[in-house]
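*Asks:*
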Amino acid sequence: MVTAQEALPTAIASRLSDLQRQAILEAPRGARLGALVSALGLDENTALAELAAAAGLDIATNLQTDPGARGLLPARLVHDFQIIPIRFGAQGEGEARDPTPATPLHIASAWVPDASMADWLKTFTPRPLVWHMAVPERVHQLIIENFGVGSGALEDSDEGYVAPEAMRDADEDVDEDAAVVRFVTDVITQAVNDEATDIHFEPQEDQLRIRYRVDGLLVPVSVPENLLRFQDAIISRVKIMARLNISEKRLPQDGRINFNSGGNTLDIRVSTIPTIYAESISLRLLNKKKEAYTMDRLGMSAGEQAQIKQVLDYPHGIILVTGPTGSGKSTSLNAFLRQINSTDLRIITVEDPIEYEVPGVNQMQVRSEIGLTFASALRHILRQDPDIIMVGEIRDRETADIAIRASLTGHLVFSTLHTNDAPGAITRLVDMGIEPFLVASAIELVIAQRLVRRLCNECSRPEPVSRTRLEEALAILGCSASEADHVTALRGPVGCDRCRGTGYRGRIGLFEIFRLNEEMHSLVLKRESTRTLALAARRNGMRTLGQSGWDRVKSGYTTLDEVLRVITVNE
């Protein structure tokens, strides 16, 4: 059995090279299991099980924090060591509800405990320690929920605990400015780890609220109790990072931050607006080096991919992706670009912002402040001998007109529009002032899409569903009541350590693919309504967003509630 003094169990260390052992032990405690997973080539569950067995420890699951230990340990300590006091068993398996010095303190740890951890904990509590291994991601999440993001940075320096990284220079002065710098860094780093797309600093009457947008939903972030005291300094720190005027608090400002996280450089767009209490700040996180999506990873079925790939091989025409803000339009366009990217094609894009870097593609950033708009950039691109052009968004008639004429002169053009469904893109272009015959001639494919949260693979399970409830949902989605035949159960969310108790992990796309045929060409020329175009498209086999959503529900990828949340069917 491994004692708490050993940092890496012998049974595990013997399977690693010297460089691998060094890399694991030099990584932060919360990242060591991930390093071990990479070194051994195992999945996380297997690696955690083998590590725990080698250390002689059990694995704690479905973690709940120990209310009797609240306030017992400093925030800085639990952050640095990635540990959290937990309840164990049914009400502590007979332990006293009001802990005494003899009551064991159960600790969930993201890594094998060592002598330093045990010694530090003994300085804060006389309770005997019982160690458990746990999923690092869940341990970290519980630390954030119970102590607040960045709480280790803002904690008063008189708590009696000196962080390991500060032990090298115990005389180093840690002033308030340094604490605020660490706090803002912690907030952004945590957002990156949570795969958030946005961070919002929102001053309220008696608090500074921080929220992340994760999987399309705003999530309140637990913050330290003393955060309000640092509000002005935090706002100023973000503005300094974005190179904004910190003395100007009456007018909105926009800026950018280059932020390094985990070896990647993030392009963070910063926007400030004055509110009645202080400036509210929003950060949009863009990781240009993040893993790009393929069409498979977008969640497209084989049939949907086949329809799209057929048009991707066309030499000219327009492919539009539509949907509201945050529905993954740019991600889909980049997946299409990667699908057709080759050395014999010249591909040029104009984007705002550039969300993904595509190797071999010439990507241009819109800069409206100096006159580089979508329309002006598009004019110059046409002089660059492109084969394929991607325009981030068609916002006005001028851009639409140039894009359509480019497609009619031998270019394949990708772009996006803000419409509720795919047929609506046609009427939107006509409403912009584009002649219907040009729209009918240029548009080859329109894809409407939405994103829904994906059920956690670890904990989702079948749940019974009533026929009445199912038929009501199918009616809203525009599906036939017969789709409910023989369906008695559907997978539902449960919540576990892997999905942080939400029951969902990641997102998956819903798609409505609209192709013009001769019937619809004539309807476009007659300036028919979106509803008429949609009915004709359905007669010709178009599957709606609602039907796509129902397919994902039947396949166990998501839930009816999720699909209903993001789709509104126009009756």
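Heads up: the sequence shown is residues 199 to 769, going by this note's numbering.
The beta-carbon is built from N, C-alpha and C at its ideal position, and this holds for glycine as well.
Name the residue from Q508, S530 and H330 whose alpha carbon lies nearest to the alpha carbon of L518.
*Replies:* Here the closest residue by C-alpha is S530.
*Asks:* Counting beta carbon pairs with one atom in the region 433 to 442 and one in the region 465 to 472, are three or more of them shorter than 8 Å?
*Replies:* At 8 Å Cβ cutoff, the stretches touch.
*Asks:* According to DSSP, which residues form a beta bridge with M588?
*Replies:* According to DSSP, M588 bridges with T547 and F612.
*Asks:* To the nearest angstrom, how far is it from the Cα of D256 to the Cα of A490?
*Replies:* For D256 and A490, the distance between alpha carbons rounds to 37 Å.
*Asks:* Between H338 and G501, what straight-line distance do the alpha-carbon atoms span, to the nearest angstrom?
*Replies:* Using only the alpha carbons, I get a separation of about 41 Å.
*Asks:* Write down every uninterrupted run of the alpha helix (DSSP H) in the region 415 to 452 whose length is 4 residues or greater and which is fully enclosed by it, in chain order.
*Replies:* Listed in chain order, they are 429 to 439.
*Asks:* Considering E242, what are the terminal residues of the alpha helix (DSSP H) in which it resides?
*Replies:* Its alpha helix (DSSP H) spans residues E242 to A253.
*Asks:* Tell whether a beta-carbon distance below 8 Å holds between A640 and I602.
*Replies:* Yes. Within cutoff.
*Asks:* Could you check what DSSP says for L649 in three-state terms: helix, strand or coil?
*Replies:* Strand, per DSSP.
*Asks:* With V419 and I408 assumed to form a contact (beta carbons below 8 Å), what rounded beta-carbon distance in angstroms separates them?
*Replies:* With a Cβ gap of about 4 Å, V419 and I408 count as contacting.
*Asks:* When you compare only the Cα positions, how much space is there between P522 and A247?
*Replies:* The straight-line gap from Cα to Cα measures roughly 43 Å.
*Asks:* At the level of alpha carbons, what is the spacing between S314 and L327?
*Replies:* Taking the straight line from one Cα to the other gives about 13 Å.
*Asks:* Is there at least one Cβ from chain C nearer than 8 Å to V417's Cβ?
*Replies:* Looking for chain C here will not work: only one protein chain is present.
*Asks:* Whole angstroms is fine: what's the gap from L576's alpha carbon to V382's?
*Replies:* In a straight line, the C-alpha of L576 is about 38 Å away from that of V382.
*Asks:* Using 8 Å for Cβ pairs, my map puts Y512 next to P401. What's the rounded Cβ distance?
*Replies:* Contact doesn't hold; Cβ gap of about 51 Å is too wide.
*Asks:* By a C-beta neighbour count over all protein chains shown, 10 Å radius and 16 as the cutoff for buried, is V685 buried or exposed?
*Replies:* Classification of V685: exposed, given that the 10 Å Cβ count is below 16.
*Asks:* Any idea if L653 is buried or exposed, counting beta-carbon neighbours within 10 angstroms, 16 or more meaning buried?
*Replies:* Buried: at least 16 other Cβ atoms inside 10 Å.
*Asks:* To which residues does DSSP link L483 through a beta bridge?
*Replies:* Answer by DSSP bridge pairing, in chain order: I466.
*Asks:* Report yes if the C-beta distance between C657 and G701 is below 8 Å; otherwise report no.
*Replies:* Yes, the pair counts as a contact, with Cβ atoms nearer than the cut-off.
*Asks:* Output the residue ranges of the alpha helix (DSSP H) runs that lie fully inside the region 546 to 575 and measure 4 residues or longer, sorted by chain position.
*Replies:* With a minimum length of 4 residues, no continuous alpha helix (DSSP H) run stays inside the region 546 to 575.
*Asks:* Along the chain, where does the alpha helix (DSSP H) containing A687 start, and where does it finish?
*Replies:* Here A687 belongs to no alpha helix (DSSP H); instead the beta strand (DSSP E) covers A687 to G690.
*Asks:* Can you tell me which residues form a DSSP beta bridge with F770?
*Replies:* Nothing about residue 770 can be read from this structure; the chain reaches only from 199 to 769.
*Asks:* Identify which residue in D494, N618, R536 and A332 has its Cα closest to the Cα of E242.
*Replies:* The shortest Cα separation from E242 among D494, N618, R536 and A332 belongs to A332.
*Asks:* Considering only DSSP beta bridges, list what L496 is partnered with.
*Replies:* DSSP, once it has assigned bridges, lists no residue as partnering L496.
*Asks:* Under 8 Å, with one C-beta from each stretch per pair, do the region 619 to 630 and the region 725 to 737 reach the 3-pair mark?
*Replies:* These segments touch.
*Asks:* Would you grab the beta carbon distance between D312 and A221 for me? Rounded to a whole angstrom, and I think it's under 8 Å.
*Replies:* Between A221 and D312 the Cβ distance is about 17 Å, and since that is not below 8 Å, they are no contact.
*Asks:* Determine the extent of the alpha helix (DSSP H) in which I386 is found, giving its start and end residues.
*Replies:* Note, I386: alpha helix (DSSP H), E374 to N391.
*Asks:* Is the region 496 to 510 in contact with the region 718 to 727, if contact means three or more CB pairs nearer than 8 Å?
*Replies:* Taking 8 Å as the limit for Cβ pairs, the verdict is that the region 718 to 727 does not touch the region 496 to 510.
*Asks:* Between which residues of its own chain and Q561 is the CB-CB distance below 6 Å, once the five residues before and five after are set aside?
*Replies:* Only T547 and I552 meet the Cβ criterion.
*Asks:* Just tell me which of Q388, D413, S746 and Q429 has its CA closest to the CA of D404.
*Replies:* That would be Q429, whose Cα lies nearest to the Cα of D404.
*Asks:* Taking the alpha carbon of T541 as the point to measure from, which residue in S528, G558, N532 and G526 has its own alpha carbon closest?
*Replies:* Selected option, being the one with the closest Cα: G558.
*Asks:* Pick helix, strand or coil for V519, following the three-state DSSP scheme.
*Replies:* Looking at V519 - three-state DSSP - the assignment turns out to be strand.
*Asks:* What is the rounded straight-line gap between the Cα of R495 and the Cα of I706?
*Replies:* C-alpha separation (whole angstroms): 8 Å.
*Asks:* Can you give me the Cβ contacts of V644 inside the same chain, cut-off strictly under 6 Å, excluding the 5 residues immediately before and after it?
*Replies:* Taken in chain order, the residues that qualify are L518, A620, A623 and F712.
*Asks:* Return the chain-ordered list of same chain residues with a C-beta closer than 7 Å to the C-beta of L668, the five sequence neighbours on each side being excluded.
*Replies:* Here the set comprises A682 and V685.
*Asks:* Please state the DSSP three-state secondary structure of L340.
*Replies:* Helix at L340.
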